[in-house]
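Visitor: So that we are looking at the same thing, I have put the structure below in structure tokens.
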Amino acid sequence: YSLTFAKDFSGLALSAAIVGTDADKTFYASPVNGKFLGKTTLVVGLKKTF
Numbered sequence: 013y014s015l016t017f018a019k020d021f022s023g024l025a026l027s028a029a030i031v032g033t034d035a036d037k038t039f040y041a042s043p044v045n046g047k048f049l050g051k052t053t054l055v056v057g058l059k060k061t062f
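See the structure below:
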């Protein structure tokens with residue numbers, strides 16, 4: 013799932029997204045150290061338009 017917000021400020025576009033999954037931990041674990049890689053996280057972006 014994801015939830016995204018975006019706002020334009022006179023040529024600068026700011027965005028933020030919360031991204032997550034309900035995947036089973038056995039399928040989203042690193043083969044190297046077993047760490048769970050499917051945690052919910054925040055992604056932030058800034059873009060200049062012209």
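Count along the sequence shown from 1, add 12, and you get the number used in the working numbering. For each residue, glycine too, the CB sits at the ideal point set by N, CA and C.
Would you list the one or two residues that DSSP bridges to residue 57?
Guide: Secondary-structure assignment with DSSP links residue 57 through a beta bridge to 27.
Visitor: Would you tell me roughly how many angstroms separate the C-alpha atoms of residue 59 and residue 27, rounded to the nearest one?
Guide: 8 Å
Visitor: Pick from 22, 29, 36 and 15: whose alpha carbon is nearest that of residue 56?
Guide: 29
Visitor: DSSP puts residue 41 in a beta bridge; with which residues?
Guide: 48
Visitor: When the Cα of residue 32 is compared with those of 47, 16 and 61, which residue comes out closest?
Guide: Here the closest residue by C-alpha is 16.
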